[in-house]
Each structure stands twice: as structure tokens, then as C-alpha cells.
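Numbering (the numbering used here), first residue to last: 39 to 354.
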Amino acid sequence: MNTTIDTIEDDNKDGGTLEEALQKHYGGRNLQERSLWYKDVARSYSLSRPTYPSKLMNDVFQSIKAGPVLELGSGPGTATQKLCETAFITHIHCVEPNPSMVEVLRDVVVCASHQERVTIHPVSFEEYFESVQDSITIKRGFKAIVAATSFHWISPDVALKQTHALIDPDDGCLVLLWNKEVQLESIETYERVLQPVFRAWAPQLDKYETPEAQFKVLHQLQETLFSSNNNGYFDVVKTGHQWVEPQHYSIELYLQLLTTYSGFIRLTVETRDGLLDALQEALKAEFPDKDEPLPVRYLSAYHMAKPRKLCEEKQL
């Protein structure tokens, strides 16, 4: 269920609160919808979605104690690979309900020879919690619970309460990783090259976020997910971010990436194909040198929270 937060702002254009938009379009969807959302683009997702930069992940790892880790919505293993490369993480439990993503994730784990350190649970987090909540060896045993751009797919009140029940109350931490969508570096180039195409084929996807706007979305996510309405369970103790300018996106790979964003998935096949053809034509006219990568960038960030001790008394 791993995904970027690529359409949250668009989903909130009806004037409701961000919390209402998250519940309506993500955590509030029924389990079958959530489990199958990326079923047709799992391979493209694995090939084209950006990674979490090593510098950012190293900052996160400094606050994680040695022991087992639970990853929510592992998707095709974008963050799983980084976790596997960390020696002090003794075992990784990956929860991922999408069958297509699970297939890719298994390939990634086997290819990297991490089978002994990774257990894949092909279920939703709610189903996983139901199966382990009475297990003494698992309950409150995870040194970290990591959600790589996936936490908004679970209803916040459920996610916070259930993660708190599984995390080590003394040394554990909840880590929410986020990758914003990959964009052209220049808003001027976007407005001249891509905006006319989007407005002609899918006006609802015409969006370019300034750095200030992207920071605002991340701040709103933090405020919403850990709001007093949902939270009596965690305190945010650390945040971080990094701008990344990847050097490997060709026009073809960039267009493949776009097909994995929720806004594109919602399009009809006819509209999506027409839009992609028009975008390809516009990009090739602007960037004719096939050997030069597209000038793109994205924002990668994290929120880290510690469990509140008072919650134990509240739940008893």
C-alpha cells in the first residue's frame, strides 16, 4: 500500500479538512479497495518510484534501537531494502495486503538474499494486528514501526492505537517516511511545457507545488495524523527532510512514474493513454537529448514519534 502523497491536496479541494480528505480517499476506503489500488502498476511502481535518500535514512537509523522492526504498507520494498541493509535491525516484519505488491516484494527480498531476516505478511495492518494482539512475544516488542508513505491509508485513530499496542514502550519509535511527487525543477518549464497538456486532457491533474507548498502539506500531515482528536498515544520528537535531484529519470521512466500516481489511476484508459502520448510529445520537444536526464526533484521527509507512557494506563 506504499504510495506517495501525490493527490492529498487535490482530494481536499472540496473545502473539507485534511483529516476528512484522508478519511474519504485513503483510510476510509474499504479493505478490498485499499488492497487492490495499485494492482495494475506494481512493477512500474517498483521500477520508477523514487527511493528514500541514504542521508535521510541514516538520520532515522540513529534513533532506532537494536531489535525487530514492523513495516506497514511495504509496497514493492522501497524502504524495506534500506531496512535490510541495517545490521542492528534483527528482523523485519513486512505487512502488505496488495497481492501484486507482495509478489514484487518477495522478488526484491530473495534477490537481495534477505529471506532469513524478512517475514512478509500478505494482509492489511488491521488483520495483522488482530492475529498478533494476544501474542506475548510480539506485543510491545517492536523497536520501530515504519510506514513509508503509507500511514495515511489507515484510519488515524486505528493506526495510532494499534501501533502503540505493538511498540516497545521504552525504546520504540514510530517512523513515518514521506516522498512527495517528482516534479520538474522549474515551475516556468512546467507552465510552458506540461501545463497546457494537463489542462487539455485532465485539468484536475494540473498541479505544481512550490517548495513552500510541499512543506505545508507535510506540516499539515503531521498536525492531522497526530492531532488531539486521534492522539493520546505518541509525541512527535524529531523531523527531517531532504531535497533530492535524481539523475536517472529519462522521459520514458518519468511517464512510467506518472502512471503510478493515484490521479492517473483514476483516469479512464482512453484519457490516460491520450494524456501520456501528449506529455511524451511535449517533453521530447523540450528535451530532445535522450542521453540527458530530465531536470526533476522531489522532497523526502520523515516524522518520528515516541509512545506516551500514559496510554498504557488509558487502555487498561
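Glycine included, each C-beta is placed from N, C-alpha and C at the ideal position.
Following the DSSP letters along the chain, one finds Lys276 inside the beta strand (DSSP E) bounded by residues 272-282. Inter-segment contact for the stretch 96-105 and the stretch 120-131 is present: three or more beta-carbon pairs are separated by less than 8 Å. Under the 8 Å Cβ criterion, the stretch 67-86 counts as touching the stretch 290-308, having at least three qualifying pairs. Scanning its chain for C-beta atoms nearer than 8 Å, with the 5 sequence neighbours on each side dropped, one finds around Val146 the residues Ser84, Pro114, Gly115, Thr118, Gln119, in chain order. In the pairwise beta carbon analysis, the stretch 178-193 is classified as touching the stretch 206-220: at least three pairs are separated by under 8 Å. Look at Leu256 here: in three-state DSSP terms it is helix.
Nearest C-alpha to Glu109 among Thr248, Gln242, Leu204: Leu204.
Checking the DSSP bridge columns, you'll see Phe180 partnered with Ile205. For Asn217, the uninterrupted beta strand (DSSP E) run begins and ends at 211-217, by DSSP. When the five nearest sequence neighbours on each side are left out, the beta carbons in the same chain lying within less than 7 Å of the beta carbon of Lys347 are those of Pro207, in order along the chain. Excluding the 5 residues flanking it on each side, Pro331 has same chain C-beta neighbours closer than 8 Å at Pro284, Gln285, His286, Tyr287, Ser288, in chain order. Arg335 has Gln221 as its beta-bridge partners, per DSSP. Burial is judged here by how many other beta carbons sit within 10 angstroms of a residue's own beta carbon; Gln70 has fewer than 16 and is exposed. With a contact defined as Cβ atoms closer than 8 Å, Tyr246 and Tyr228 qualify at about 5 Å. Apart from the 5 residues on each side of it in sequence, Leu313 sits with its Cβ closer than 6 Å to the Cβ of Trp239, Ala240 in its chain, given in chain order. Here DSSP, grouped into helix, strand and coil, assigns Ala104 to coil. When the Cα atoms are used, Glu308 and Asp315 turn out to be separated by approximately 11 Å.
Excluding sequence positions up to five before and after Val275, its CB lies within less than 7 Å of the CB of Met342, Ala343, Lys344, all in the same chain and listed in chain order. Around the C-beta of Glu219, 16 or more other C-beta atoms lie within 10 Å, and the residue is accordingly described as buried. When secondary structure is reduced to three states using DSSP, Glu308 falls in the helix class.
Look at Val156 here: in three-state DSSP terms it is strand. In the assembly as shown, Arg230 is an exposed residue. Its beta-carbon has fewer than 16 other beta-carbons within 10 Å. The bridge partners DSSP lists for Val133 are Leu110, His159. Under DSSP, Pro345 shares a beta bridge with Phe272. Nearest to Gln294 by alpha-carbon distance, out of Arg72, Ser86, Ser73, is Ser86.
Contact annotation: Pro135 and Ser92 have beta-carbon atoms that are not nearer than 8 Å. Secondary structure of Ala316 (DSSP, three-state): helix. In the three-state reduction of the DSSP assignment, Thr187 falls in the coil class. The Cβ neighbour count for Ile158, taken over all protein chains shown within 10 Å, is at least 16; the residue is labelled buried. In the three-state scheme derived from DSSP, where H, G and I count as helix and E and B as strand, Ile303 is classed as helix. Taking Val142 as the centre and dropping the five residues before and after it, the same chain places the C-beta of Ala80, Ser84, Pro114 closer than 6 Å to its C-beta, in chain order.
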